[in-house]
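Scroll down for the structure; my scribbles are underneath it.
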Amino acid sequence: MSLLPPEVHSALSQLLRALTTPDNTVRTQAEEQLNNDWIQGRPDVLLMGLAEQIQGAEELVTRTFAAVLFRRISTKTRKDPVTNEAKELFSTLTGEQRLVIRQKLVTCLTTETVTDVRKKIGDAVAEIARQYTDNGDQWPELLGVLFQASQSPDAGLREAAFRIFSTTPGIIEKPHEDAVQGVFGKGFKDDVVSVRIAAMEAFASFFRSISKKSQPKFFQLVPDLLNVLPPLKESSESDELSAGFLALIELAEISPKMFKSVFNNLVKFSISVIADKDLSDQVRQNALELMATFADYSPNMCKKDPEFAQEMVTQCLSLMTDIGIDDDDASEWNASEDLDLEESDLNHVAGEQCMDRLANKLGGQVVLPATFSWVPRMMSSSAWRDRHAALMAISAISEGCRDLMVGELDQVLALVVPALQDPHPRVRYAGCNALGQMSTDFAGTMQEKYHAIVLNNIIPVLNSAEPRVQAHAAAALVNFCEEAERKVLEPYLAELLRHLLQLLRSDKRYVQEQALSTIATIADSAENAFDQYYDTLMPLLFNVLKEEQSKEYRLLRAKAMECATLIALAVGKEKMGQDALNLVQLLGNIQQNIVDADDPQSQYLLHCWGRMCRVLGQDFVPYLPGVMPPLLSVAAAKADIQLLDDEDQIDQVEQDEGWELVPLKGKIIGIKTSALEDKNTAIELITIYAQILEAAFEPYVLETMEKIAVPGLAFFFHDPVRVSSAKLIPQLLNSYKKAHGDQSPGFAQMWNKVAEKIIEVLSAEPTVDTLAEMYQCFYESVEVVGKNCLTQQHLHTFIESAKSTLEDYQVRVKARLEERAEAEDGEEENLEYEYAVEDDQNLLSDMNKAFHTIFKNQGTSFLPTWETLMPFYDAFITSQDPTQRQWALCIMDDVLEFCGPESWKYKDHIMQPLAAGLQDQNAANRQAAAYGVGVAAQKGGAAWGDFVAASLPSLFQVTQFNQSRTEEHVFATENASASIAKILHYNAGKVQNPQEVVANWITTLPITFDEEAAPYAYSFLAQLIDQQNPTVLSNVDKVFGYIVQALEAETLQGQTAARVANSAKQLVATTGLNADQILAGVNPDNQAAVRSYFQ
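Written out as structure tokens, the structure reads:
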């Protein structure tokens, strides 16, 4: 029965017809009427009317469209008439109106007989259910209706029920979890395939929504769940089988261990699907993806399965031979200029990507034997597809198998290098690909040890008859050369450039573009060894840049700009002479003539200007007025965000590159990430200008700070923009300070605003690694602005932010501990866990530096605010976690160093941790504790005298720690040595048997790693020499040797080095030591520098 008068339905029917008409004018008027008259004026009548149209309209099209429109309009945002809050439209109706509408929808769902219409009604029901769930409201009868529907004799209704569960799993509340088990169990055994698949999808969605603790009780459903698939394979129902695999992939991501008891069977079945060429490519690739997902999320389970690795590698290699069908001689492939075709959904690409994942997740010990049981055979096969697949497999696994393969490179190269002379062009292409990938994955070793093998064999491939092979050989050279030292490349430069210049004459534009990129990379690595080729190359590049060229040559010109500016950076301003200014003029002309938004030259130009700024330094300043406006415009861009209402819009955006889709409360938000990446690049380049030009950049500082840098700190659509904004701020402050001085009123005013914003962001930043960057921005800015730049209000807000950071950190640590406790024996920590721990360690480190910088610049005025966090320091300093102990120890070191005698007030929080720290098994903590004892002696005043003297035995123990001179322990050793020197110098009166201590101390030298510790230790040693201390005089050769070692290691520099060397000369003169004999032991490269101290 209709609750609305007939005239309303008449108007609504007319409106629905107008909205679906092909006539644009009529449709536009109808859309305006819908928005102004109905949505704004009477939304309750509109939704009620649409619900009744779904229920009562005779035409199929009307019912379908009414259901689609209902769902879309119910999610629109409007102000709630009662609370004035912004809410979704359906949620703003009265409770009574919502009740009536939802009852009508449920009736429509259970009575509609046409499948497509029922699906659209189901979507509307799911949307309303989501709003109830999100708002914490109840729709109590819905669950019962859906349970009933899932048992209905009508298969369409059963499927609809599962589809709603799938979209809105939150409606299944905890008390009903057991009941739903039976519903899913029945669904998996349904007679109708589409219902079984809908049940699988609903189960995956539901499983994602429940807590980890609730998951195990559903594991018993897994056998029934998996039994859905084999009959589909037997009857070759690829689409349904494909959907089933997608549901399993989702479950494998959430809880791979639920499949533990049946894993081997699942592996065998999935392998049989991947191997079945009668099935569609999509279903075979989905089966492959399921297995790869297990490798990603549960590598141990895969390693333990006896068949997984060998079978998966075999199937991947088989898929990788599925290439170039109907193009045996590769004529089509070679004629194609769409080089991005490789990034597609073809079988061979899926196989390559899966090999890469298997190698990275399972490691070389598992994947390497499985792969190389095939590769040598495939390389000697007469079928080119086998040889191609073997080479692409080597490319795919080299990163993940790096540790094992690096020792076998002779054998691997013996397989790969002959392929560069293979009769088939695609095999030569794959050979180039393998060498390029190996040059990156084994960077260093490939360049230093195998440069002759790689370069002498790949340079001739640049002469290939096929342009695609030429271009790929040049691309592989980029990988090799960007990791090569100048001395490695120098002997090959002439041959490389001769061949690459030939490629610049190719009639294929993509070959020319690649040749320019390769030349640019070579210039970047060869540095000034490139000087002799400058006069040949730069005129050619200038010609390309001067020519008036059509649209298709834009990328070539962009590459020429890149190449010219990288050469400029390699050879420097002096070599370029007038060319440097001419090049800048050319870039300016190109910039002025850019009119299209998609012109690739714009993006390249941003980087080219940055390079020319580096080349020209202050000479670049006159060009800033031309360079900065477009750069500021890109850097200030707002986020391009779209609310996508329907499937068509979503499909359209998915096809456009550079968009990211984010689900949010039942809607899809599209964010144009490509524009955000440009914004980030622009901010990074502004940072370079400010850094290089300093005071000369001042005209742009205020605008950049106000419109770009400070708003960028809270640009939550894109993490990199926040990071680059954080790096920009200290450089802008520095530019202004260099121009006006740190006492200028404008500087103080700007800093006050900026400081507030930075400190505010410390408590608002949601991402851990980005938060670390915000702390870095804070302490680097304080360093620039200098002493006493923070007010008490700043300090108070900073401590509040630090407190919230530490509380959040403790929550994360607790959650990780709980997760580890729940993990089963043998279940490995995943990479995400390791990254999370590393991110937190970096965050604590940057927080440390922030505290350090405040103490350094504010001194004791920070103490009253600082001490409010004492419970945190105490908790961290006694923690089982060495990272937390180190964090707190370093802060106590700062109190001792920058607050002097005032630090005694906190002795009860400092003494015991320092004493315990000297015994810590963690080297970094021993270092922090040793340093702390030293600064207590140096800066803490008389009150600390007894404590530091009593610490001497423990400091000596630190220097005698097992492996005390290895990389891990040497900084602790050297800090302890320097601290003993400080105690002997500043607190000698408290030390018993000082002469004996001095004799023992000299044996703790040399200090050849820690540049901060060395000056204290060696200044004290010089003092002992000047006093003609008997221990020094009885160990002259050792003492002189220790000084020479520090000078050679450059831990002693400047005036301190000169002063210590002078004392050493006196020692030689006094004792007649044969200094030459000791100096002769210095590395020949350093002889002259060290001897110069003793001239």
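Residue numbers for the sequence shown follow UniProt numbering, beginning at 1 and rising by one.
Yeah, the Cβ is synthetic: ideal placement off N, Cα and C, and Gly gets one too.
Quantities reported herein were computed from a predicted structural model and do not represent experimental measurements.
Leaving out five residues before and five after residue i in sequence, what residues of the same chain have Cβ atoms less than 6 Å from its Cβ?
i	result
R163	G122 and A198
H796	T865
CA-CA distance, residue i and residue j?
i	j	result
V82	K76	17 Å
V349	A252	22 Å
I758	I671	26 Å
S238	I274	12 Å
D296	R722	30 Å
D44	Q97	7 Å
D846	A772	6 Å
F716	A764	10 Å
R428	D328	15 Å
M438	C481	12 Å
A978	V1032	17 Å
A370	T314	8 Å
E1050	G989	33 Å
L493	K233	58 Å
L346	I325	11 Å
I39	W609	51 Å
F309	V811	Phe is not the amino acid found at residue 309; the sequence shown has Ala there. Approximately 38 Å between the Cα atoms of the pair.
G940	G900	4 Å
K814	N848	21 Å
L896	T1003	27 Å
R545	G351	Note on identity: in this sequence residue 545 is Leu, with Arg being the wrong assignment. Rounded to the nearest angstrom, the two C-alpha atoms are 42 Å apart.
T168	T133	9 Å
G431	E485	23 Å
T959	V998	14 Å
L142	A126	10 Å
Q1045	G934	23 Å
What span of residues does the beta strand (DSSP E) with residue i cover, start to end?
i	result
T878	From DSSP, T878 is part of no beta strand (DSSP E); its letter is neither H nor E.
What do you reckon, is the C-beta of residue i under 7 Å from a heavy atom of the ligand GTP?
i	result
V427	The ligand GTP is not part of this structure, which contains no ligands at all.
Which residues does DSSP list as the beta-bridge partners of residue i?
i	result
A86	K79
I323	Bridge partners of I323: none, in fact.
I692	I692 is not bridged to any residue.
I519	None, per the DSSP bridge assignment.
I'd like the list of long-range same chain contacts for residue i, defined as Cβ closer than 7 Å, with 5 residues on each side in sequence excluded.
i	result
Y689	C613 and F697
Q884	F876
C789	W751, V782 and N857
L606	L631, T681, A682 and L685
A30	L15, A18 and L19
For the alpha helix (DSSP H) that residue i lies in, which residues bound it at each end?
i	result
K119	T115 to D134
E760	P745 to L762
F731	It should be pointed out that residue 731 corresponds to Gln in this sequence rather than to Phe. D719 to H740 is the extent of the alpha helix (DSSP H) around Q731.
M205	A small correction: the amino acid at residue 205 is Ser; Met does not occupy that position in the sequence shown. Where S205 is concerned, the enclosing alpha helix (DSSP H) stretches over V193 to S209.
E773	V768 to V785
D281	D281 to Y297
I394	W384 to I397
C432	P425 to D441
Q1077	A1075 to L1079
L246	S238 to I254
G182	E177 to F188
H909	K907 to L918
H348	N347 to L362
G1054	G1054 to T1071
Could you tell me whether the Cβ of residue i comes closer than 8 Å to any Cβ of chain C?
i	result
Q103	No chain C is part of this structure, which consists of one protein chain only.
Taking 8 Å as the limit between beta carbons, can you name the residues of its chain near residue i, skipping five residues before and five after?
i	result
S724	N680, I683, E684, T687 and G712
D920	P882, R885, R926 and A929
Length-filtered (3 minimum) beta strand (DSSP E) runs lying within the stretch 815–871: none
Within the stretch 461–516, ranges of the alpha helix (DSSP H) (whole runs, at least 4 residues): 467–482, 486–489 and 493–503
4 or more residues per run - each alpha helix (DSSP H) lying fully within the UniProt domain "Importin N-terminal" (30–111): 43–56, 60–74 and 95–111
Complete alpha helix (DSSP H) runs within the stretch 572–643 (minimum length 4 residues, chain order): 578–592, 600–616 and 624–635
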